[in-house]
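Numbering (the numbering used here), first residue to last: -3 to 260.
Built from N, CA and C at the ideal position, the CB exists for glycine as well.
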Amino acid sequence: MKGSLDQAVRLRRLGTFIAASGLMSGVFAMLLMFRFPVGPVEILASLIILGAFGLLGASLARGVKLARWLCLAGLVGSLPMMVYELRVLGPPLQLMRESGWDAAVVASCANIVAFLALGMWLAIRAICVLLGRYRSGSLATARVVGATLCVVALVHLHSAMAFSLPAGTFATLSVSSATGIVAIGFVGWQMWHATLLGISLMLLILPGRWLPFACTALLGLTTMLFPLGVQSWWPDPAQTWFLFGLVGLLAYSIWWLRATLVAS
């Protein structure tokens, strides 16, 4: 009985996450349409994405078997796609072969590999949940999340140093490149990422009994992103919505990980 209850809870949490992800993606795409000229095809595609993910996630949360198999097919199909995404490492690696070692290029490659590794691990864990053949992998998930966040924190701190942002500053990071790309940070960029580095190291090296406390600290740090970031992006509705949805999804995922660690 306990196993079936655990399975139902896991499916409900996974379905809620999928529905929320679809909602954020669909609404964000629709908000961008107010900024860029689009046709009816793009509008229809965004509405389909919004409805499909929302319906799929809600159905999975309610225990619909068809939704479980559709999610399973999508997750299995995402694994080779994530491996295929490693092709983006080709140009920067070729650049280093021709021009020599560059810290910024190495950091960029590490960031890509870390995110793809985390995505593949979470996809595999979700597949196990859908099949009902999971074992307690929360400790390994915490380690993978910690390693990924370590890389993210180091890459972003390196970017701040490259842009000559003074250490400990509360200024907003905003840099325009020659190609027209604008990097926008938030108030306290370096201090926030230095704290993230410390918490991610806790997730990476602390014994299992301390990991729920590290997740609680990470949850608090994540929720700070919205009030910090909204000062830089307000009143842009699309970016503000994206930030709100991103913080919500991250907070939900961290809470889920913490609850799993406490239960294991």
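Rounded to the nearest whole angstrom, the C-alpha separation of L150 and R58 is 40 Å. Under the 10 Å beta carbon count, Q186 is surrounded by 16 or more other beta carbons and is classified as buried. Taking 8 Å as the cut-off, the Cβ atoms of A54 and G11 count as close.
In this structure the stretch 244 to 260 does not lie against the stretch 142 to 157, because fewer than three pairs of beta carbons, one per stretch, are closer than 8 Å. Sequence-distant partners of L91 (beyond 5 residues in either direction) whose C-beta falls short of 8 Å from its own C-beta, in its chain, are D98, V101.
Contact check for T219 against A247 passes: the beta carbons are separated by less than 8 Å. For M116, the enclosing alpha helix (DSSP H) begins and ends at 99 to 127. Within 10 angstroms of the beta-carbon of R205 lie fewer than 16 other beta-carbons, which makes it exposed. Each residue's CA atom was taken as its position, placing R6 and L112 some 23 Å apart.
A direct Cα-to-Cα measurement between T144 and A110 gives close to 5 Å. Comparing alpha carbon positions, the residue from I14, I44, A119, L127 closest to G241 is I14. For the options Q227, L202, L221, the alpha carbon positioned closest to that of A136 is the one of L202.
Rounded to the nearest angstrom, the Cβ distance from A190 to L153 is 7 Å, consistent with a contact under 8 Å. If you check the CB distance, A119 and L71 come in under 8 Å. Within the model, the alpha-carbon separation for M77 versus G115 is close to 11 Å.
In the three-state reduction of the DSSP assignment, R58 falls in the coil class, being assigned neither a helical nor a strand state. Straight-line spacing of the CA atoms in R129 and M198 works out to 29 Å. Judged by beta-carbon spacing, G142 lies within the 8 Å limit of L200, meaning their Cβ atoms are closer than that value. Residues of the same chain with a CB within less than 8 Å of the CB of V84, apart from the 5 flanking positions on each side, are I108 in chain order. In the DSSP assignment, G194 falls within the unbroken alpha helix (DSSP H) covering 185 to 201. It is roughly 48 Å from the alpha-carbon of R8 to the alpha-carbon of R93. Classified as exposed, S95 has fewer than 16 neighbouring CB atoms from the shown chains inside 10 Å of its CB.
In the structure shown, F238 adopts helical secondary structure according to DSSP, grouped into three states. S17 and M157 have their C-alpha atoms some 33 Å from each other. Pairing V140 with C124, the inter-Cα distance amounts to about 17 Å.
Contact between L214 and I250 holds, with the beta-carbon distance rounding to 5 Å and staying under 8 Å. Annotated three-state conformation of S260 is coil, per DSSP.
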